[in-house]
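Numbering (this note's numbering), first residue to last: 1467 to 1833.
Note that beta-carbon positions come from the ideal geometry of N, C-alpha and C, so glycine has one too.
The block underneath contains the structure these notes are about, expressed in structure tokens.
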Amino acid sequence: MSEEPVVSLEDVEVHFESEGSILPFGDDPEVVQAVDGVSLEIPENDVVALVGESGCGKTTLGKTAIGTQRPTGGAVKYKGQDVWKANDGEGNVEIPFEEIRQSLQIIHQDPGASLNPNKTVQHSLEAPLKLRHSEMDTFERRERIHEMLSRVGMEPPEDYAKRFPHQLSGGEQQRVALIRALLMNPDLILADEAVSALDVSLRIDMMDLMLDLQDTFDTSFLFISHNLSNASYIAGKADGRIGIMYLGELVEIGPIDEVLNDPQHPYTKALMWATPNLNPKAADRGASPLRKIDVPDPRNPPAGCKFHTRCPEAREACTGEMPDPADLGDGHEVACYRAYDDHDYWSSPELTDEDDDRVGAGESAAD
Ligand SMILES: Nc1ncnc2c1ncn2[C@@H]1O[C@H](COP(=O)(O)OP(=O)(O)OP(=O)(O)O)[C@@H](O)[C@H]1O
1467 MSEEPVVSLE DVEVHFESEG SILPFGDDPE VVQAVDGVSL EIPENDVVAL
1517 VGESGCGKTT LGKTAIGTQR PTGGAVKYKG QDVWKANDGE GNVEIPFEEI
1567 RQSLQIIHQD PGASLNPNKT VQHSLEAPLK LRHSEMDTFE RRERIHEMLS
1617 RVGMEPPEDY AKRFPHQLSG GEQQRVALIR ALLMNPDLIL ADEAVSALDV
1667 SLRIDMMDLM LDLQDTFDTS FLFISHNLSN ASYIAGKADG RIGIMYLGEL
1717 VEIGPIDEVL NDPQHPYTKA LMWATPNLNP KAADRGASPL RKIDVPDPRN
1767 PPAGCKFHTR CPEAREACTG EMPDPADLGD GHEVACYRAY DDHDYWSSPE
1817 LTDEDDDRVG AGESAAD
């Protein structure tokens, strides 16, 4: 087993110049801080689920982790090899970029769009085998594909192999996309909202299948969702970790049981409040803990802790600098001043909000 994590993100930043902004001559373009200073290690055979509201940077972070989005700051490493130095041929490249890209795969929310409508299932699944197993002949490839289709419950496989994507249900398309990713022998699969488009009744089956195959194929999973229930299910079953993102930052991460049983960041608590099936006291959960429903504009995020404008615990100290992640042990980290017993936070005045109507916030995280 390799000592190096499969993927490590080191203080990664992805800032986009805002699309379509028409600016007066001489003005700087607006910048969206999609990902801001995120560090994360994903070892072999690990499952990490990232959760956060729409637009908080989950997809951008995921794409950065698999080498399809170049960061504007920090470093992304695959087994210790800097991914973008490999791409640029800079320094001593031990793992070529092409090999890195093949080892880091993705399944999307909409598998229909990622499968070629003019190719049969057999044809789509042959491509990765030709690339990764050039020693296989036509017969062996067909056998392997049939075996995988049976494995994911698509019986009889001879029939499914001949179908085109439009002849498959959404769940079946997603299974084919999963097989296609696995046939690349990946070290990591990014599952970006991979169950969100499926009927609620099919989501658990698909997540169970992913975990079953993850175990068999020794693959790590980076599972991205706006839905805390789904993320908790997959991380919980895999005994993995959950990471909570807010406006481009990873505000809390840790083993799933620790985070759910003892959430430390006020934003994690708000997401749990908005997810009644994870909250044993759902019946008397009261008003939303958030002070404001609106997520700030990522082109102009609040200074200091970006959550302070919505945080029920915010004090003046939170408006200065972004807190560094505090290490709570067992891999549990939280970026909140409340984790530091001796911080000035405790003596600084509470922030009074001009708009204190405690409305239902974070509902999108609970649907
Ligand atoms: N190519 C791009 N150019 C400019 N801005 C972008 C680009 N890609 C993403 N963004 C912006 O970066 C921010 C983060 O987007 P991202 O898609 O990563 O978030 P997300 O959490 O995955 O959201 P969702 O769940 O809605 O997909 C958003 O404000 C988005 O508009």
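Check: For Gln1730, the three-state DSSP class (helix, strand or coil); Outcome: coil
Check: beta-carbon Val1761 near ligand 1 non-hydrogen atom, thresh 7 angstroms; Outcome: no
Check: Leu1744 vs Ser1698 beta-carbon contact at 8 angstroms; Outcome: yes
Check: Leu1570, buried or exposed, once every other Cβ within 10 Å from all chains shown has been counted against 16; Outcome: buried
Check: Pro1764 CB to nearest heavy atom of ligand 1 below 7 angstroms; Outcome: yes
Check: Phe1630: CB within 7 angstroms of a non-hydrogen atom of ligand 1; Outcome: no
Check: Check whether Ile1572 and Asp1658 have beta carbons under 8 angstroms apart; Outcome: yes
Check: Proximity test, Phe1836 beta-carbon vs ligand 1 heavy atom, cut-off 7 angstroms; Outcome: Lying before the first or after the last residue shown, residue 1836 is absent from the chain, which here runs from 1467 to 1833.
Check: C-beta atoms of Ser1484 and Val1497 nearer than 8 angstroms; Outcome: yes
Check: Cβ separation of Gln1588 and Ile1611, assumed to be a contact under 8 angstroms, to the nearest whole Å; Outcome: 6 angstroms
Check: Tyr1806 - DSSP class collapsed to helix/strand/coil; Outcome: coil
Check: Complete alpha helix (DSSP H) runs within the segment 1537-1562 (minimum length 4 residues, chain order); Outcome: 1549-1554
Check: Reduced DSSP secondary structure (H/G/I, E/B, other) of Met1650; Outcome: coil
Check: DSSP-derived helix/strand/coil call for Ile1566; Outcome: helix
Check: Cβ-based burial, Trp1812 [other Cβ within 10 Å; buried from 16]; Outcome: exposed
Check: Three-way DSSP call (helix, strand, coil) for Ala1832 in this model; Outcome: Because the pLDDT at Ala1832 is just 36, under 50, the model does not fix this residue reliably, and the value given afterwards should be weighed accordingly. Looking at Ala1832 - three-state DSSP - the assignment turns out to be helix.
Check: contact_flag[the segment 1500-1517, the segment 1694-1709] where n(CB pairs < 8 angstroms) is 3 or more; Outcome: yes
Check: Span separating the alpha-carbon of Pro1577 from that of Ile1532; Outcome: 18 angstroms
Check: Extent of the continuous beta strand (DSSP E) to which Glu1476 belongs; Outcome: 1473-1483
Check: Opposing strand residues paired with Glu1507 [DSSP bridges]; Outcome: Ser1474
Check: Straight-line Cα distance separating Pro1622 from Leu1475; Outcome: 42 angstroms
Check: Contact check, Glu1715 vs Lys1628, beta carbons under 8 angstroms; Outcome: no
Check: Ligand 1 heavy atom lying under 7 angstroms from the CB of Ser1813; Outcome: no
Check: Cβ-heavy atom distance, His1574 to ligand 1, below 7 angstroms; Outcome: no
Check: Outcome for Pro1495 when other beta-carbon atoms lying within 10 angstroms are tallied against a minimum of 16; Outcome: exposed
Check: Assigned secondary structure, Ile1722 (DSSP; H/G/I helix, E/B strand, else coil); Outcome: helix
Check: Of the residues Asp1477, Lys1524, Gly1521, the one placed nearest Val1504, counting alpha carbons only; Outcome: Asp1477
Check: Closer than 7 angstroms: Thr1538 CB and nearest ligand 1 heavy atom; Outcome: no
Check: Same chain, Cβ closer than 6 angstroms to Asn1651, five either side skipped, listed in chain order; Outcome: Arg1598
Check: Buried or exposed by the 16-neighbour rule on C-beta atoms within 10 Å, applied to Asp1823; Outcome: Residue confidence for Asp1823 is low, a pLDDT of 40 falling below 50, so the modelled location carries little weight and cannot support an answer.
Check: DSSP state of Ser1698 mapped onto helix, strand, coil; Outcome: helix
Check: 8 angstroms contact criterion, which Glu1779 and Pro1729 should meet: CB distance rounded; Outcome: Going by Cβ atoms, the distance from Glu1779 to Pro1729 rounds to 12 angstroms, so no, they are not a contact pair.
Check: Straight-line Cα distance separating Leu1668 from Phe1605; Outcome: 33 angstroms
Check: Under 8 angstroms between C-beta atoms of Pro1742 and Gly1797; Outcome: no
Check: Continuous alpha helix (DSSP H) assignments of at least 4 residues falling wholly in the segment 1559-1625; Outcome: 1563-1569, 1577-1580, 1587-1598, 1604-1617
Check: beta-carbon Val1661 near ligand 1 non-hydrogen atom, thresh 7 angstroms; Outcome: no
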